[in-house]
């Protein structure tokens, strides 16, 4: 774990007052946590725009009665074995499934996986959630 | 599974040509799939803005050495047992973990969970991925 | 103009180092300016989600040969005279125009204007840019 | 103006019913207009991701009492004379101004302008609205 340090910044009175107010409403415990939350989000956005090593989750909603779709989904994950860590399957109801594919790797490789999954016929929704490796 | 139907729309020549070109580049197999992909995304956005029943994934990155954080994470999930279907934990490296919490329920309850998770001290990134229940 | 104040926050070593690095790359002149930029963006997002008084710009791209569209555009602006401050027209090329409508008012009224403009047949693109009144 | 053509796509019954319902609620006059709206938005997103020639608006909120900021704003616009078509100034209240800078050019040049404007000290909010040249 990294060390905490103390930094100071100069900012307009009314700006920090309004920021404190909305941070409290959002349940953020301290001003430091609220600023760190913004900084973390900015860093994640930057990592994804710069082609770094990132982590993410591809979430897919589909009807599991579509057998060829299920087969193709597995096949693609094996083709991207270099970035797919694991996947998880949740039963949303009798027909609908959610599959979460957890990935870690270069941005462009992750986007290639996302594009390959988007091309599978018959899925109800596919989304890519962008996060950080924590490093 | 629902039945396929055939609809027709009128659209400018150059618009559909350019759309076909980018759909092909994105690997989308047919024009119908490309349009359906846009419609599905629009529907998901609408469901989330209207307070419907939705599905989603909250993804959290954290250092598992922070014991109190891990405890709090479990506690919160049990407090939201009415919408949390399951969760999945992936080891990104020696220090960093990714936790995916799969939820299904009313938008406002999902957002309440997200807010409660954001308030936990010491997490590296928290993000909410919005999808559909498939219905 | 409001007074500057000095605040201090505690943050992980490596986080602030990475943040400084990307802020410099983005041309932000000081750490204070970089943090203020994040805080300002968070406040704008909050104001728009909470129904406050906001400012914004609706940008419309269209072909000015479509006479009825031009008429309708003017008509709508007059119907929303309570929030429309002014508009500006730029000639992008022989056929295409950009119209920027500057608004200030309650979020829901601004969104009603946006919806009304979206419903005009034949426009090439309509987008709403969300900003702040500065207060 | 380009010619209208008629295309047909195959789509699930329930999907198109739900899409029709939300399109009506959003005031979109016909199914064709609703689909075109999605396609136009997808094309704009693509143009900006691919470095094409685009159009856009940079919106800046600032306090006009900050004289050096106003000077710098003008200077920057002249330095980017190759992409800046015109700008418009609106008085939001006694202190606050909105400046809209209309641009048309290569994506990377537009982003360079945006970055240069972000680096000016003391602005309250700066945002880039992405649209199309209409071609």
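Protein chains in written order, with the numbering used here: chain L, 1 to 135; chain R, 1 to 135; chain U, 1 to 135; chain B, 1 to 135.
Yeah, the Cβ is synthetic: ideal placement off N, Cα and C, and Gly gets one too.
As the structure is a prediction and not an experimental result, all values here were calculated from the model.
Rounded to the nearest angstrom, the gap between the Cα atoms of residue 120 of chain B and residue 82 of chain B is 20 Å. In the DSSP assignment, residue 106 of chain U falls within the beta strand (DSSP E) that extends over 96-106. Taking 9 Å as the cut-off, the beta carbon of residue 5 of chain L is found closer than this to the beta carbon of residue 12 of chain U. Taking CB atoms only, residue 22 of chain R has a neighbour in chain B less than 9 Å away. Beta-bridge partners of residue 62 of chain L (DSSP): L/97. Under the three-state reduction of DSSP, residue 8 of chain R is assigned to strand. Nearest CB-CB separation between residue 5 of chain R and chain B: below the 9 Å threshold. Contact annotation for residue 28 of chain L against chain R: 118 and 119 [CB-CB distance below 8 Å, chain order].
Linking residue 69 of chain R to residue 96 of chain R through their CA atoms gives a straight-line distance of about 13 Å. Contact annotation: in the region 84-97 of chain U, residues whose CB is within less than 9 Å of a CB in chain B are 85, 86, 87, 88, 90, 91, 92, 93, 95, 96 and 97. C-alpha of residue 49 of chain U to C-alpha of residue 7 of chain B: approximately 38 Å in a straight line.
Proximity of the region 118-133 of chain U to the region 52-66 of chain U meets the contact definition, three or more beta-carbon pairs being nearer than 8 Å. No Cβ-Cβ contact shorter than 9 Å links residue 118 of chain R with residue 88 of chain L. Between residue 122 of chain B and residue 66 of chain B, the gap from beta carbon to beta carbon is short of 9 Å.
Residue range 84-91 is occupied by the beta strand (DSSP E) that includes residue 85 of chain U.
In the structure shown, the three-state DSSP call for residue 15 of chain B is helix. Chain order gives no chain B residues near residue 106 of chain U, where near means a beta carbon separation below 8 Å; the closest approach is about 15 Å. Within chain L, the residues whose beta carbon sits less than 8 Å from that of residue 55 of chain R are 61, 92 and 98, listed in sequence order. Secondary structure at residue 49 of chain B: helix, using DSSP grouped into helix, strand and coil. Rounded to whole angstroms, the gap between the alpha carbons of residue 86 of chain R and residue 41 of chain R is 24 Å.
Nearest to residue 75 of chain L by alpha-carbon distance, out of L/31, L/101 and L/63, is L/101. For the C-beta of residue 102 of chain L, the chain R residues within less than 8 Å are, from N- to C-terminus, 88, 90, 98 and 100. It is roughly 24 Å from the alpha-carbon of residue 31 of chain U to the alpha-carbon of residue 51 of chain L. In this structure, the CA atom of residue 124 of chain U is about 30 Å from the CA atom of residue 79 of chain B. Within the same chain, and ignoring the five residues on either side of residue 91 of chain L in sequence, the residues whose Cβ sits closer than 7 Å to its Cβ are 97. Nearest CB-CB separation between residue 51 of chain R and chain L: not below the 9 Å threshold. At least one CB atom of chain L sits nearer than 9 Å to the CB of residue 40 of chain R. In the same chain as residue 103 of chain R, and ignoring 5 residues on each side of it, the C-beta atoms closer than 6 Å to its own belong to 56, 83, 84 and 110, in chain order. If you look at residue 74 of chain L, you'll find it in the alpha helix (DSSP H) that goes 67-79. Beta-bridge annotation (DSSP): residue 55 of chain L is paired with L/104 and L/131. Nearest to residue 71 of chain R by C-alpha distance, out of R/94, R/99, R/44 and R/47, is R/99.
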